[in-house]
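*Asks:* The opening position of the sequence shown corresponds to residue 5 in my numbering, with each subsequent residue numbered one higher. Cβ atoms here follow ideal geometry from the backbone N, Cα and C, with glycine treated the same way.
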Amino acid sequence: MNLITLILTIAILFGLTDFLTERYPRLQRDIFYIAWFVVAFLFTIKYYYGPDIWGYVPFYETIQHPRYVLAHPDELSADFELGYAMFCSLLKSWGVSFYWMTAIVSIFYFVAVALLFKHIDRKQSFALAILVVLDYKCIFATYRQCLAVSCFILMILCLRNKRYLWMAIWAILTAFFHKSGIFVVGVVLFYYMIRSKWVQPYLYQLLLIVLVLIFLLPIAKISSGFIAHLPLPTSYLQSLAHHLTLGRQVQVVFLVYAATLVCVTHFSQYHHTRMQAIAAAAFVGLVVVSVLYQYYYLLERIRSYFLPIVIVGVFNQVQNAENTQKKIPYGTLMKQLCSVLIFVFMIHSVYKFHVSTSQLKNNVYKSCTVFELIDHRSSDIQNAQMKLAYRYWKEDFMKNENNRIQ
């Protein structure tokens, strides 16, 4: 069993405990603390792990002093954002190794998630399992985006608490760590300024209709002709064009998105959530899921920002509705069906990932943790993992990159 499969399996098992401890909210909270620590610890101990180290390690080892980075930002613009470059440059100038850089990124992310999940009253371990299974790629491999997502979460929390100076700082850091953060921050802040007091159920119903239509229509072909005419820098257009032309014709996760919208539509009739920062960002996130559904790679990139927020928003919507004195028709049945569907999807995702990685000629997901240093030298592990990553990109990735939308 590789490291990712192990973590996802453990997260799902912790999520199941929430349904066995319904009557013991204090116990649920204690189990979540344990689940958070175990999952965060296992993510943090990865050591030169995954395919993306092929680009990240050389960049970190050759990064110049912060003054040089600030004086020559154009040298980094093609591959890495200025914020991430400064982050790496500062850490390296302080003597921090590549492993500890990755550990800092993971810890920062899980601290931000813990602060956000404090706003869920019940079933936090279940929420953590959903987040980890749907977004393990971001947490494991995409260090720049993981930093940007962490800053985005903190931005939303500061916006919620009306701490606007800190909100602006985290918004700037989000944009500087990853170019996608510019779009995400801009859309959320714009919607927050023009939001209405309530989100009516018919808006979620409309999003469900949009999701179904996009599922049926060849949106990739329809929109590809408009990309070149957007008023954006060349590097942004190239990245956008790349992500819009890659996707999957049918995604199993469609059922999870559809079930989420049905559930929120139903429960929103019995409790209106005030349009505070978390609710506003969650609504925008559901819009993004609906509009970008067919662009699998672009959706995977953008939804990492919104997924934690959407999870908190949906959990609050359902749990707040249950706390009202109104009797909700089919409420329990809908919750149970959606929960079963999500668990089936998570188990399917873990099994599919495990099978697909076991078939790789160069299995870059084979477990490699910091504990390998007990029996091996760091340089030996690094060289072996870098060679493995190089062969993966040259052989396995090029061979399996065949899921373009036709």
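Where do the ends of the alpha helix (DSSP H) carrying leucine 220 lie?
*Replies:* 205-220
*Asks:* Do you know whose CA, among Asn366, Leu120, Gly99 and Trp98, lies nearest isoleucine 439's CA?
*Replies:* Because residue 439 is not part of the residues shown, which for the chain are 5 to 410, the question remains open.
*Asks:* One question on the structure: do valine 257 and phenylalanine 349 come within less than 8 Å of each other, judged by their Cβ atoms?
*Replies:* yes
*Asks:* If you run the structure through DSSP and keep just helix, strand and coil, what is threonine 25?
*Replies:* DSSP, read as helix, strand or coil, puts threonine 25 in coil.
*Asks:* Nearest by alpha-carbon distance to valine 316: which of Gln363, Leu259, Leu377 and Ala131 is it?
*Replies:* Ala131
*Asks:* Rounded to the nearest angstrom, what separates isoleucine 198 and isoleucine 160 at their Cα positions?
*Replies:* 16 Å
*Asks:* Please state if the CB of leucine 211 and the CB of valine 291 are separated by a distance shorter than 8 Å.
*Replies:* Yes, the pair counts as a contact, with Cβ atoms nearer than the cut-off.
*Asks:* If the criterion is Cβ atoms closer than 8 Å, does the pair isoleucine 57 and methionine 390 meet it?
*Replies:* yes
*Asks:* Can you give me the start and stop residues for the alpha helix (DSSP H) that alanine 145 sits inside?
*Replies:* Per DSSP, alanine 145 belongs to no alpha helix (DSSP H) and is neither H nor E.
*Asks:* Quick one, which of Val288, Phe287 and Phe219 has its alpha-carbon nearest glutamine 255's?
*Replies:* It is Phe219 whose Cα lies nearest to the Cα of glutamine 255.
*Asks:* Mind listing, in chain order, the continuous alpha helix (DSSP H) runs of no fewer than 4 residues lying wholly within the region 275-356?
*Replies:* The qualifying runs are 281-295 and 300-326.
*Asks:* Distance check for leucine 215 and threonine 264, CA to CA, integer angstroms please.
*Replies:* Near 12 Å, if we compare the C-alpha coordinates of leucine 215 and threonine 264.
*Asks:* Less than 8 Å between the beta carbons of leucine 303 and leucine 296, yes or no?
*Replies:* yes
*Asks:* When DSSP labels each residue in this structure, what does lysine 50 get in the three-state scheme?
*Replies:* Lysine 50: strand per DSSP, three-state reduction.
*Asks:* Beta-carbon within less than 7 Å of threonine 21's beta-carbon, same chain only, minus the 5 sequence neighbours each way: which residues are those?
*Replies:* Excluding residues within five positions, the ones whose Cβ falls inside 7 Å are Ile35 and Ser129.
*Asks:* So glutamate 376 is in the alpha helix (DSSP H); what residue range does that whole segment cover?
*Replies:* From DSSP, glutamate 376 is part of no alpha helix (DSSP H); its letter is neither H nor E.
*Asks:* Can you list, in chain order, the residues of its chain whose CB lies under 7 Å from that of tyrosine 274, leaving out five sequence neighbours each side?
*Replies:* Residues of the same chain with a CB within less than 7 Å of the CB of tyrosine 274, apart from the 5 flanking positions on each side, are Ala325, Thr328, Lys330 and Ile332 in chain order.
*Asks:* Determine the burial state of valine 359: buried for a count of at least 16 other Cβ atoms within 10 Å of its Cβ, exposed for fewer.
*Replies:* exposed
*Asks:* Hey, could you find the ends of the alpha helix (DSSP H) serine 184 is sitting in?
*Replies:* In the DSSP assignment, serine 184 falls within the alpha helix (DSSP H) that extends over 184-198.
*Asks:* What number of angstroms, rounded off, separates the C-alpha of alanine 179 from the C-alpha of valine 100?
*Replies:* The alpha-carbon atoms of alanine 179 and valine 100 are separated by roughly 24 Å.
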